[in-house]
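To start, the structure itself, in structure tokens.
Number of protein chains: 2
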Amino acid sequence: MKDFIYHAPTEVVFGKESEEQVAGLVRKYGGHTVLVHYGGGSAKRSGLLDKICGLLEEGGLKTVLLGGVVPNPRLSKVHEGIDLCRMKKVDFILSVGGGSVIDSAKAIAYGVPYKGDVWDFYLGKADAVECLPMGCVLTIPAAGSEMSDGSVITNEDGGVKLGYGTQLCRQKFAIMNPERSFTLPPYQTAAGVTDMMMHTMERFFSPEDDMTLTDAVAEAVLRTMKACVFDVLKDPEDYRARAQIMWGGSLAHNDLTGCGLSGDWATHQLEHELSGMFDVTHGAGLAAIWPSWARYVLQQNVSRFVRFAVNVMDVPNDFTDPVGTALKGIEAMERFYHSIGMPINIPELIGRDITEAEIAEMVRKCSHNYTVTQGRFKVLQPEDMTAIYRMAARQA
Amino acid sequence: MKDFIYHAPTEVVFGKESEEQVAGLVRKYGGHTVLVHYGGGSAKRSGLLDKICGLLEEGGLKTVLLGGVVPNPRLSKVHEGIDLCRMKKVDFILSVGGGSVIDSAKAIAYGVPYKGDVWDFYLGKADAVECLPMGCVLTIPAAGSEMSDGSVITNEDGGVKLGYGTQLCRQKFAIMNPERSFTLPPYQTAAGVTDMMMHTMERFFSPEDDMTLTDAVAEAVLRTMKACVFDVLKDPEDYRARAQIMWGGSLAHNDLTGCGLSGDWATHQLEHELSGMFDVTHGAGLAAIWPSWARYVLQQNVSRFVRFAVNVMDVPNDFTDPVGTALKGIEAMERFYHSIGMPINIPELIGRDITEAEIAEMVRKCSHNYTVTQGRFKVLQPEDMTAIYRMAARQA
Chain V
1 MKDFIYHAPT
11 EVVFGKESEE
21 QVAGLVRKYG
31 GHTVLVHYGG
41 GSAKRSGLLD
51 KICGLLEEGG
61 LKTVLLGGVV
71 PNPRLSKVHE
81 GIDLCRMKKV
91 DFILSVGGGS
101 VIDSAKAIAY
111 GVPYKGDVWD
121 FYLGKADAVE
131 CLPMGCVLTI
141 PAAGSEMSDG
151 SVITNEDGGV
161 KLGYGTQLCR
171 QKFAIMNPER
181 SFTLPPYQTA
191 AGVTDMMMHT
201 MERFFSPEDD
211 MTLTDAVAEA
221 VLRTMKACVF
231 DVLKDPEDYR
241 ARAQIMWGGS
251 LAHNDLTGCG
261 LSGDWATHQL
271 EHELSGMFDV
281 THGAGLAAIW
291 PSWARYVLQQ
301 NVSRFVRFAV
311 NVMDVPNDFT
321 DPVGTALKGI
331 EAMERFYHSI
341 GMPINIPELI
351 GRDITEAEIA
361 EMVRKCSHNY
371 TVTQGRFKVL
381 QPEDMTAIYR
391 MAARQA
Chain C
1001 MKDFIYHAPT
1011 EVVFGKESEE
1021 QVAGLVRKYG
1031 GHTVLVHYGG
1041 GSAKRSGLLD
1051 KICGLLEEGG
1061 LKTVLLGGVV
1071 PNPRLSKVHE
1081 GIDLCRMKKV
1091 DFILSVGGGS
1101 VIDSAKAIAY
1111 GVPYKGDVWD
1121 FYLGKADAVE
1131 CLPMGCVLTI
1141 PAAGSEMSDG
1151 SVITNEDGGV
1161 KLGYGTQLCR
1171 QKFAIMNPER
1181 SFTLPPYQTA
1191 AGVTDMMMHT
1201 MERFFSPEDD
1211 MTLTDAVAEA
1221 VLRTMKACVF
1231 DVLKDPEDYR
1241 ARAQIMWGGS
1251 LAHNDLTGCG
1261 LSGDWATHQL
1271 EHELSGMFDV
1281 THGAGLAAIW
1291 PSWARYVLQQ
1301 NVSRFVRFAV
1311 NVMDVPNDFT
1321 DPVGTALKGI
1331 EAMERFYHSI
1341 GMPINIPELI
1351 GRDITEAEIA
1361 EMVRKCSHNY
1371 TVTQGRFKVL
1381 QPEDMTAIYR
1391 MAARQA
């Protein structure tokens, strides 16, 4: 068991019409001039953006708008946001959207008070010491950024996707109204659930396996997400199921499911190169990698995979054959991915075969020019990364 | 499902030697002159108190000591603390101990900036608007006060035990070193686990039963606590099991297991009168009441008790007989209580029969002179309280 710090101070305001409280919350956390940060047109088309801006202005707050954040959010948009915040003297950032919008906001919030280029933080060249306060109105449950300490930004110059995390960037509040996720298309819904489940699976597959309370909570989150995704794919307006998924996305990534564990995160790192190169949906990219990662690292701790198979995937435990039980858990996860429209390998993800040259390039980036390893459950050298990408390059 | 706010901002610093960080944490949260608040002699005897005071003083902080807090903490001690804090210009309260010490600290923290009597808050005559900042070094996992928003104080004048809760009194930090609970005697260990499990059971038995993620997390906490208590009763120095219990006590009561639920809390209210009258250990009092409460309210929502029986108590589900399955769950809980040395009725708790006059007096207090009901799963009128106390008055 690992010593840990657990500090998830975000105030979650959850339920129907929770967005009505937005102005009071921004004022409570010190905002006066608010950057309202959003993505594509859906927040605008649904009327949510106008509603939020109206509520803020009625509440005596100034608003500055910045839209156009795309999935795998771009550094150029972050720079644009930093300039805008400085020009308009913004003192609070409110994100309306999902993980991409919130991650972009976090980078802007780091960048505004920083004299250098905010990309320094993501490159590990500097550490942030301050940050604008932020809150969010969550519309896409997936990334968990609404309660997490992390953010991931893509530098278009070279397609480099890097993450940076500190306690500073925790959202002061997160407004979550499950109804706002009713219009999320099936593919995005499924990719979102895949992403949130992976946030917990990355923590579950740790070198430590003696923090049984965290394991039990993780399994509770995973089982519930797995059950609810079928309900919302059948009925996109199933409030109960949408609510479990929205709240599950936060619990999966606010560190609760990682207390006492180091976590692995190799699947995320391997996927970052995929979405950096092919601009695919992050959740789908994770599904395309995980089964190969799992088979590759299985022998590291078979009992951990047996626990996962039995407690999460409902595989009957064959006590005489732990490896067989573990493999059946991975196969069950593949069937689950397929059943919700997710890929289980790279060809299914990108619609064609991947070349050896592309794999080599991803390994080069993932290993930072062969200088770093990835993962903790099994520490992956560049040759391990190559092997996993090659496994994932084969059709099932 | 109920709309909810979840806001558990306490910074948890968990692990061996976590107390080494105490001075930095007090400074981080603005403390200069620190009331070090503790209970009986065990914190002193173990050397923990001296260590903490030494670390604070090395860290440039002034310390003021106040010990002698007893279980079911007294209003007179709270008044003493308020006077001391005002006299010494204390600006931070550090509790070293368990729920009684932290609850007492919360009342002191409310009282210092308040012009009237702090008991006003507990009587519902006034609402606190400010509060001294607080942190704690937890030594007794049970009450969950280290992350909760509540506190319970006993006014010796009349033996009245009342609770008061606001967001203001959340601890800024909670230092948790499982080793500090190694010396907890078996009875206190078992009563503590009973208390923490009840914090989650009070939330689980809600009028709402559609927040399946919260239910799954609650069951995870309950199952883990139930398993680990046997490990620590067998080996008091089992670090892994002590750690699960210490962290479980916080998760059981920081609201995580109540998201989307109203909660019931009748068992707690019925027990407060028992410990108000007989000064018994709170956890043991809960065990003496719950089985009678459960049988009395069972018909309100049989499927909820079936879920509890199957998912928490490992009772095989007899699909043809839900009431039978539910009752087996209650019986399994009684066997569990007995197996860890807890009572399952009032005679086992107080060592003699309880009189009708004593029951009448408890009902009078619990119903605030017949003016209030208790509970939400089933709303209990005074006659319901009488019926439950009478059931609990009978030997099994």
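Protein chains in written order, with the working numbering: chain V, 1 to 396; chain C, 1001 to 1396.
Beta carbons: idealized from backbone N, C-alpha and C, even for Gly.
Problem - Backbone CA spacing between residue 397/V and residue 193/V [nearest angstrom] - result: Since the displayed chain V opens at 1 and closes at 396, residue 397/V lies outside it and no answer follows.
Practice task
From the DSSP output, read off the bridge partner residues of residue 1062/C.
Solution key: Residue 1062/C pairs with 1033/C.
Problem - Test: residue 398/V CB closer than 8 angstroms to a CB of chain C - result: Any property of residue 398/V remains undetermined from this structure, which presents chain V solely from 1 to 396.
Practice task
State the Cα-Cα distance for the pair residue 1357/C and residue 1273/C, rounded to the nearest angstrom.
Solution key: Pairing residue 1357/C with residue 1273/C, the inter-Cα distance amounts to about 13 angstroms.
Handout entry: Separation of residue 1284/C from residue 1187/C, as counted between CA atoms
Key = Spanning the two alpha carbons is a distance of roughly 9 angstroms.
Handout entry: Where residue 1359/C falls: helix, strand or coil (DSSP)
Key = Helix at residue 1359/C.
Problem - chain C residues whose Cβ lies nearer than 8 angstroms to that of residue 14/V - result: Within chain C, the residues placing a beta-carbon under 8 angstroms from that of residue 14/V are 1003, 1004, 1005, 1006, 1259 and 1260, ordered along the chain.
Problem - Within chain C, the residues that residue 217/V reaches when beta carbons sit closer than 8 angstroms - result: Neighbours of residue 217/V across chain C, judged by C-beta separation under 8 angstroms: 1217, 1220, 1221 and 1251.
Practice task
Can you give me the start and stop residues for the beta strand (DSSP E) that residue 163/V sits inside?
Solution key: 160-165 is the span of the beta strand (DSSP E), which, as asked, contains residue 163/V.
Exercise for the section: Look up residue 24/V in the DSSP assignment and say whether it is helix, strand or coil. Expected result: When secondary structure is reduced to three states using DSSP, residue 24/V falls in the helix class.
Handout entry: Coil, strand or helix - residue 1173/C by DSSP
Key = Residue 1173/C: strand per DSSP, three-state reduction.
Problem - Cβ contact (3+ pairs, closer than 8 angstroms) linking the region 1196-1213 of chain C and the region 1151-1169 of chain C - result: For the pair of segments examined, the region 1196-1213 of chain C was found not to touch the region 1151-1169 of chain C: the number of CB pairs separated by less than 8 angstroms stays below three.
Problem - Listed by chain order, chain C residues near residue 298/V by CB distance under 8 angstroms - result: Simply none; closest approach about 24 angstroms.
Problem - Residue ranges of each alpha helix (DSSP H) within the region 1313-1385 of chain C, 4 or longer - result: You should have 1322-1339, 1346-1350 and 1356-1366.
Exercise for the section: In angstroms with no decimal places, state the Cα-to-Cα distance between residue 1288/C and residue 1268/C. Expected result: Rounded to the nearest angstrom, the two C-alpha atoms are 11 angstroms apart.
Problem - 4-residue-minimum alpha helix (DSSP H) runs that sit fully inside the region 1204-1270 of chain C, ordered along the chain - result: Within the region 1204-1270 of chain C, the complete alpha helix (DSSP H) runs of at least 4 residues are 1212-1234 and 1239-1251.
Problem - Per-residue DSSP class, three states only, for residue 134/V - result: DSSP places residue 134/V in strand when its eight states are reduced to three.
Problem - Alpha-carbon spacing of residue 107/V relative to residue 372/V, whole angstroms - result: Rounded to the nearest angstrom, the two C-alpha atoms are 24 angstroms apart.
Practice task
Kindly list the residues whose CB is nearer than 6 angstroms to the CB of residue 99/V, restricted to its own chain and excluding five residues on each side of it in sequence; keep chain order.
Solution key: Only 142, 143 and 145 meet the Cβ criterion.
Handout entry: chain C contact for residue 224/V (CB, 8 angstroms cutoff)
Key = Closer than 8 angstroms to some Cβ of chain C, the Cβ of residue 224/V qualifies, so yes.
Exercise for the section: Classify residue 1299/C as buried or exposed, calling it buried when 16 or more other Cβ atoms lie within 10 Å of its own Cβ. Expected result: Its Cβ having fewer than 16 others within 10 Å, residue 1299/C is exposed.
Handout entry: residue 1246/C versus residue 1176/C: straight-line alpha-carbon distance, rounded
Key = In this model, residue 1246/C and residue 1176/C are separated by some 7 angstroms (Cα to Cα).
Handout entry: Secondary structure of residue 1154/C, DSSP reduced to three states
Key = Reduced to three states, the DSSP call for residue 1154/C is strand.
Practice task
Mind reading off the beta-carbon distance from residue 1011/C to residue 1051/C? Whole number of angstroms is fine, and I expect it under 8 angstroms.
Solution key: At roughly 20 angstroms, the Cβ-Cβ gap does not stay under 8 angstroms, so residue 1011/C and residue 1051/C are not in contact.
Problem - Neighbour list for residue 240/V in chain C, Cβ cutoff strictly below 7 angstroms - result: Near residue 240/V (Cβ distances below 7 angstroms), the residues of chain C are 1001 and 1210.
Exercise for the section: Ignore the nearest five residues each way along the sequence and tell me which others in residue 1291/C's own chain have a CB closer than 6 angstroms to its CB. Expected result: Cβ neighbours of residue 1291/C beyond the five flanking positions: 1330, 1334 and 1344.
Handout entry: Cα-Cα separation, residue 1122/C to residue 1321/C
Key = In a straight line, the C-alpha of residue 1122/C is about 44 angstroms away from that of residue 1321/C.
Handout entry: Segments of 3+ residues assigned as beta strand (DSSP E) that fall wholly inside the region 1068-1134 of chain C
Key = Secondary structure within the region 1068-1134 of chain C: the beta strand (DSSP E) runs of 3 or more consecutive residues, fully enclosed, are 1092-1097 (chain order).
Exercise for the section: Measure from the C-beta of residue 1244/C to each C-beta in chain V and report whether the shortest distance is under 8 angstroms. Expected result: With 8 angstroms as the cut-off, residue 1244/C counts as an interface residue toward chain V.
Exercise for the section: Just mark residue 1057/C as buried or exposed, buried being the case when its beta carbon has 16 or more other beta carbons within 10 Å. Expected result: With fewer than 16 other Cβ atoms within 10 Å, it is exposed.
Problem - Exposure of residue 281/V, with buried meaning 16 or more beta-carbon neighbours within 10 Å - result: Buried is the call here.
Practice task
Could you tell me whether the Cβ atoms of residue 147/V and residue 174/V are closer together than 8 angstroms?
Solution key: Residue 147/V places its beta carbon less than 8 angstroms from that of residue 174/V.
Handout entry: Pairwise C-alpha distance: residue 1082/C and residue 1128/C
Key = Cα to Cα, the separation comes out at about 15 angstroms.
Exercise for the section: Take residue 1157/C and list the residues in its own chain whose beta-carbon comes closer than 8 angstroms to its own, dropping the five residues that flank it on each side. Expected result: Cβ within range, chain order: 1075.
Practice task
Quick one: using the 10 Å Cβ neighbour count with 16 as the cut-off for buried, is residue 183/V buried or exposed?
Solution key: Around the C-beta of residue 183/V, fewer than 16 other C-beta atoms lie within 10 Å, and the residue is accordingly described as exposed.
Practice task
Let me know if residue 1224/C comes out buried or exposed under the rule of 16 or more other beta-carbons within 10 Å of its beta-carbon.
Solution key: Classified as buried, residue 1224/C has 16 or more neighbouring CB atoms from the shown chains inside 10 Å of its CB.
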